[in-house]
Amino acid sequence: MIDHKSVVKKAGQIFDEVFIDRYRRSLLREQRNLEDFFALLCFAELLGLPNPISYYTIELYPYFYEDFHAWHKRMGMEHSPLAGFPCC
Amino acid sequence: MKELITGKKILFLGGKGGVGKSTTSAVLAYQAAAQSINTLIVSTDPAHSTMDIWGKRIHDRPKKLLPFLSAMDIDSREEMKQYLRRVRQQLLEVVKPDMTGAVDRHLNMVKHAPGSEEAAIFDKMVQILLEYQHEYDLIIFDTAPTGHTLRLLSMPYILEPFVKNLVRQRTRVHQAQGGTRAFAGRDDNDGDRRQDPVYEHLLQRLERIKQVEKIFMDREKTAFIPVTVAEALPVQETLRLVAQLSKQGFPIGGVIVNRLLPDPPDGNRFWMSRKTTEQKWLQELQIRLKGKYPVYGMSLLEDDVCGVERVRQVRPQILST
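Protein sequence lines, in the order shown, are assigned to chains A and B. Add 1480 to the 1-based position in the first sequence for the numbering used here, that's all there is to it. Add 58 to the 1-based position in the second sequence for the numbering used here, that's all there is to it.
Now the structure itself:
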């Protein structure tokens, strides 16, 4: 006899994997993009772009430090763009 | 000259280097203090002339010079140092101990980055405006030469759109974070924003910038007073300064022409010629500003305007309205 419950459960898992996970991943990707863009606006001067408020955004450094390494890699910089600030 | 000070809370004195901005600030401050208007002179000029005029050391806190008169100095280097020291402490809490040297090297570079010094002065100015505007009846800012002043005054308009944009982008980040979290079955969307120190810092900045903008534009309580001497270059620069200030909507209280010559001795061709030249530039200024801004004059003294006794002797007289 077919166990209806387990079939439904299995179907649910497949649905989750195919659709929900994909959706979750794209949400996370969107979140990361926004976070990266925000960091870029704050620290544009590190990429050589003029940033009129860089003096004011350095106070935000401590809050970004943990993600800094991953960020500069995603921005296409193999090594830290901060001269004398080797995070890697 | 009473109308220059009466009812005002904030005065900015600016103009070409060497025309007597600090002297004029001292004179106006003295006249205000003499009317029991509790006055604070704030010098943003690295030349530290205020110190020389009053013959006293002036620091980054108000120092009482007379019963109703105090003075203080903005030291941009000191301001930067304190700010960077704060950032450094916070950074050292998150980086690995062996990175201390790297942190110091980087922060030292920020100190010399373009724009840092004026941002530091602007920051301190904001702090003074917000902190002392209730303690004193009148605050007189003795600013650095023209270019500096214009830049300093336009800081809110440069900064505001940027900070606003950062706040907006940060909000989008929060929304995205909230979305992912809600998806994970957690329903605490608002938690982020309230606990996000980055957002807090930015909102605080924005709030302060807006407050200062309001003070700058307050026609009732704030006035910008260009100071000049009646010579070709200073008068032309003053006319440009007036044009720029009025174009940006800053309230102008009037122009003060410093060091007006006494009547020349008869037959002395040199002094007669100097007086003629002076009158020519004075008239040029008056004609160009007629009906818009009053022009005041201050006479040249026999010796330096240093010390209370001398400061007391000078006072701007109205020449035209």
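We put the beta carbon where it would ideally sit given N, CA and C, even for glycine.
C-beta contact flag for residue i and residue j at 9 Å
i	j	result
residue 313/B	residue 354/B	yes
residue 270/B	residue 219/B	no
residue 95/B	residue 195/B	yes
residue 276/B	residue 67/B	yes
residue 1535/A	residue 148/B	no
residue 111/B	residue 134/B	no
residue 282/B	residue 65/B	no
residue 311/B	residue 351/B	yes
residue 286/B	residue 77/B	yes
residue 321/B	residue 333/B	yes
residue 273/B	residue 341/B	no
residue 318/B	residue 329/B	no
residue 83/B	residue 200/B	yes
residue 182/B	residue 118/B	yes
residue 1539/A	residue 1531/A	no
residue 165/B	residue 142/B	yes
residue 132/B	residue 158/B	no
residue 231/B	residue 1546/A	no
residue 267/B	residue 184/B	yes
residue 293/B	residue 85/B	no
Near the ligand SAH: residue i beta-carbon under 8 Å from a heavy atom
i	result
residue 1484/A	Ligands are entirely absent from the displayed structure, and the ligand SAH is therefore not among its contents.
Anticipated Cβ contact below 8 Å, residue i with residue j, distance rounded
i	j	result
residue 74/B	residue 203/B	6 Å
residue 315/B	residue 291/B	In fact, because the Cβ distance is near 14 Å, the residues do not count as touching under 8 Å.
residue 97/B	residue 186/B	With a Cβ gap of about 13 Å, residue 97/B and residue 186/B do not count as contacting.
residue 1497/A	residue 234/B	With a Cβ gap of about 23 Å, residue 1497/A and residue 234/B do not count as contacting.
residue 288/B	residue 336/B	4 Å
residue 130/B	residue 178/B	Between residue 178/B and residue 130/B the Cβ distance is about 15 Å, and since that is not below 8 Å, they are no contact.
residue 124/B	residue 374/B	Not confirmed; about 19 Å, so no contact.
residue 1517/A	residue 302/B	About 35 Å separates the two Cβ atoms, so there is no contact after all.
residue 1519/A	residue 1544/A	6 Å
residue 1537/A	residue 1523/A	7 Å
Listed by chain order, chain A residues near residue i by CB distance under 9 Å
i	result
residue 205/B	Residues of chain A passing the Cβ test: none, with the nearest at roughly 17 Å.
residue 238/B	1504, 1507, 1508, 1510 and 1511
residue 148/B	1539, 1541, 1542 and 1543
Three-state secondary structure assigned by DSSP to residue i
i	result
residue 375/B	strand
residue 1533/A	coil
residue 363/B	coil
residue 162/B	helix
residue 356/B	strand
residue 290/B	helix
residue 317/B	strand
residue 284/B	strand
residue 222/B	helix
residue 387/B	Outside the displayed range of chain B (59 to 379) lies residue 387/B, so it cannot be described from this structure.
residue 179/B	helix
residue 308/B	coil
residue 102/B	coil
residue 94/B	coil
residue 242/B	coil
residue 1517/A	helix
residue 275/B	coil
residue 72/B	strand
residue 1524/A	helix
residue 202/B	coil
residue 129/B	strand
residue 122/B	strand
residue 197/B	strand
Where residue i meets chain B, residues with beta-carbon distance less than 9 Å
i	result
residue 1533/A	173, 177, 216, 217, 220, 221, 224 and 263
Best match in the options for proximity to residue i [C-alpha to C-alpha]
i	options	result
residue 205/B	299/B, 368/B, 323/B and 375/B	299/B
residue 176/B	1533/A, 1538/A and 1550/A	1533/A
residue 225/B	1501/A, 1502/A, 1521/A and 1558/A	1521/A
residue 260/B	280/B, 239/B and 222/B	222/B
residue 150/B	141/B, 162/B and 371/B	162/B
residue 1552/A	1530/A, 1513/A and 1531/A	1513/A
residue 239/B	1490/A, 1547/A, 1504/A and 1482/A	1504/A
residue 369/B	87/B, 70/B and 69/B	87/B
residue 241/B	1482/A, 1555/A and 1507/A	1507/A
residue 366/B	102/B, 295/B and 108/B	108/B
residue 297/B	323/B, 267/B, 345/B and 280/B	345/B
residue 140/B	243/B, 362/B, 193/B and 174/B	174/B
residue 70/B	93/B, 154/B, 180/B and 207/B	207/B
residue 211/B	167/B, 309/B and 295/B	309/B
residue 265/B	217/B, 120/B, 113/B and 378/B	217/B
Neighbouring residues, chain A, relative to residue i (Cβ below 8 Å)
i	result
residue 151/B	1542
residue 241/B	1503, 1504 and 1507
residue 255/B	1543
Residue i: contacting residues in chain B (beta-carbon distance under 7 Å)
i	result
residue 1517/A	227
residue 1538/A	145 and 168
Cross-chain neighbours of residue i in chain A, by beta carbon under 7 Å
i	result
residue 230/B	1514
residue 259/B	1539 and 1540
residue 235/B	1511
Chain-ordered neighbours of residue i on chain B, where CB pairs are closer than 8 Å
i	result
residue 1546/A	152
residue 1529/A	Near residue 1529/A there are no residues of chain B at all, since even the closest Cβ is about 13 Å away, more than 8 Å.
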